[in-house]
Amino acid sequence: MDQYQFTQTISKYSQHLFEHAIKFTRDEDDAKDLVQETLIKGMRFCKNFADGTNLKGWLYVIMKNTFINDFRKTARKKEVITTDDEISNAQLTKSAATNNANTTFAMEDISKAMASIKPEYSIPFQLYFEGYKYEEIAEQLDIPLGTVKTHIHQARHGLQKYLSMYRK
410 MDQYQFTQTI SKYSQHLFEH AIKFTRDEDD AKDLVQETLI KGMRFCKNFA DGTNLKGWLY
470 VIMKNTFIND FRKTARKKEV ITTDDEISNA QLTKSAATNN ANTTFAMEDI SKAMASIKPE
530 YSIPFQLYFE GYKYEEIAEQ LDIPLGTVKT HIHQARHGLQ KYLSMYRK
């Protein structure tokens, strides 16, 4: 039997497969998807079907295995993504307020820390933080490359000391 004849033959079983798919999925749309997947796999693997055997049974096994595999995939996803804790609007508001307050204090501390650093250290550090490369900073400030690296290192060290309370 060629591909076209095989496709015509298996399409006759779609209603029967749908009835069984409803029993598996208990949802009409999911059942339609399962039947479609089954028929596609049946067409794709038609070379594996032995003529003279039960085609309806062969398709049913494909459908059952497809459903089981999909069920296992879904179960694995649910294990990874747990929804044990319900998140209420009140919890989100409290969390957002806490985060906003913490962020405000942290930004104030960072600003104070930057102000405490000597300008010759903070300017190269800010440029580096903005994404400039050491060479670009050296060229822009007209200072040696080694000096740029030293100033950035000193700025980091000063910030670490000033912001040590935020270390975990």
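Going left to right, the sequence shown walks through residues 410 to 577 as this note's numbering numbers them.
No residue lacks a Cβ here, since even glycine has one placed at the ideal position from N, Cα and C.
CB of residue i within 9 Å of CB of residue j, strictly
{"i": "His468", "j": "Tyr422", "result": "Note on identity: in this sequence residue 468 is Leu, with His being the wrong assignment. Cβ atoms of Leu468 and Tyr422: closer than 9 Å."}
{"i": "Thr447", "j": "Ala459", "result": "no"}
{"i": "Leu536", "j": "Ile526", "result": "no"}
{"i": "Phe534", "j": "His560", "result": "yes"}
{"i": "Ala522", "j": "Leu572", "result": "yes"}
{"i": "Lys441", "j": "Phe454", "result": "no"}
{"i": "Lys558", "j": "Tyr543", "result": "yes"}
{"i": "Leu550", "j": "Ile519", "result": "no"}
Three-state class that DSSP yields for residue i in the structure shown
{"i": "Gln533", "result": "Note that residue 533 corresponds to Pro in the displayed sequence, not to Gln. The answer is helix: DSSP assigns Pro533 an H, G or I state."}
{"i": "Glu539", "result": "coil"}
{"i": "Gly567", "result": "helix"}
{"i": "Ala459", "result": "coil"}
{"i": "Ile526", "result": "coil"}
{"i": "Ile552", "result": "coil"}
{"i": "Phe454", "result": "coil"}
{"i": "Tyr422", "result": "coil"}
{"i": "Arg485", "result": "helix"}
{"i": "Asp436", "result": "coil"}
Buried/exposed call for residue i, threshold 16 Cβ in 10 Å
{"i": "Asp493", "result": "Here the model assigns Asp493 a pLDDT of 49, short of 50, so the residue's position is not dependable and the matter cannot be decided."}
{"i": "Gly555", "result": "exposed"}
{"i": "Phe575", "result": "The sequence as given places Tyr at residue 575; Phe does not occur at that position. Burial call: exposed."}
{"i": "Ser531", "result": "buried"}
{"i": "Ile419", "result": "buried"}
{"i": "Thr483", "result": "exposed"}
{"i": "Ala564", "result": "buried"}
Inter-residue CB distance, residue i and residue j (contact presumed, cutoff 8 Å)
{"i": "Ile471", "j": "Gly451", "result": "6 Å"}
{"i": "Leu443", "j": "Thr475", "result": "6 Å"}
{"i": "His425", "j": "Lys465", "result": "7 Å"}
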